[in-house]
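Participant: If you read the protein sequences in the order shown, they are chains A and B. Under the working numbering, the first sequence has 24 at position 43, and the numbering climbs by one with no breaks. Numbers given in the working numbering equal positions in the second sequence, counted from 1, plus 17. Take a look at the following structure, please.
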Amino acid sequence: AQRVTQPEKLLSVFKGAPVELKCNYSYSGSPELFWYVQYSRQRLQLLLRHISRESIKGFTADLNKGETSFHLKKPFAQEEDSAMYYCALISTQGGSEKLVFGKGTKLTVNP
Amino acid sequence: NAGVTQTPKFQVLKTGQSMTLQCAQDMNHEYMSWYRQDPGMGLRLIHYSVGAGITDQGEVPNGYNVSRSTTEDFPLRLLSAAPSQTSVYFCATIGQYYEQYFGPGTRLTVT
């Protein structure tokens, strides 16, 4: 079964420090992976997707098929990065696509 | 473009009451879905629809019904509310590149 694992429920760093939010997945085919962010009491927003290889708000994520990982990284964390982060995978079951979410990591960036 | 809208924003129900959470989108997306978000559980898929007239169950469908008579609307019905259904509910659509667009959420409390 397709699964997304975010091993850290909580992650706390200081402003200016590097941050890495871990995401591991299990999927039998070629995965399409995403990171979503949810700021306090707001709706979830797409942060980035692996297929576009983009950098958004200083964040990057590289797909590592050997390690089945898609970790989210930022070299210098900012206080406004404090939010819930969800890793997600497109799953195909019975011919229709569904997003499978990890349980999320709450990032706190301290001043 | 309003994107994905949800009503109401907040709702308090008593055990056994029924209600409908509304979701509407103006992006002409075929795929719509409902999630519930609970602390420590991440996002869990309740029901989804790949187009008007087509719905299917997600991970946690029990106690909820959906219908999709138009492309724009995807209401979620709670048949007989239970305290375990206290949660934040998000409606979402999927765009061309499998990116999801979320509504602002409905915070439901069942007493």
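Glycine is no exception: its CB is placed at the ideal position from the N, C-alpha and C atoms. Just so it is clear, the structure is predicted and the values come from calculations on it, not from any experiment.
With Gly120 of chain B and Thr37 of chain B assumed to form a contact (beta carbons below 8 Å), what rounded beta-carbon distance in angstroms separates them?
Facilitator: At roughly 15 Å, the Cβ-Cβ gap does not stay under 8 Å, so Gly120 of chain B and Thr37 of chain B are not in contact.
Participant: Taking 9 Å as the threshold (C-beta atoms), are Ala64 of chain A and Ser21 of chain A in contact?
Facilitator: yes
Participant: In this structure, how does DSSP classify Gln102 of chain B when only helix, strand and coil are distinguished?
Facilitator: helix
Participant: With H, G and I counted as helix, E and B as strand and the rest as coil, what does DSSP make of Asp55 of chain B?
Facilitator: Strand, per DSSP.
Participant: Can you give me, in chain order, the residues of the segment 9 to 38 of chain A that have a beta carbon less than 9 Å from any beta carbon in chain B?
Facilitator: Cβ contacts with chain B: Glu13, Phe15, Tyr17, Gln19, Arg22, Gln23, Arg24, Leu25, Gln26, Leu27, Arg30, Ile32, Ser33.
Participant: Just verifying my parser: in three-state terms, what is the DSSP assignment at Glu1 of chain A?
Facilitator: strand
Participant: Looking at the structure shown, is Asp43 of chain B part of a helix, part of a strand, or coil, going by DSSP?
Facilitator: coil
Participant: State yes or no: is the beta carbon of Tyr67 of chain A nearer than 9 Å to at least one beta carbon in chain B?
Facilitator: yes
Participant: Return the bridge partner residues of Ala69 of chain A from the DSSP annotation.
Facilitator: A:Phe15, A:Phe82
Participant: Given a threshold of 16 other Cβ atoms within 10 Å of its Cβ, counted over all protein chains shown, does Ile111 of chain B qualify as buried or as exposed?
Facilitator: buried
Participant: On a CA-only basis, which of A:Pro(-1), A:Ser33, A:Phe51, A:Val90 is nearest Gln(-13) of chain A? Give me that one, please.
Facilitator: Looking at the Cα atoms, A:Phe51 is the closest of the given residues.
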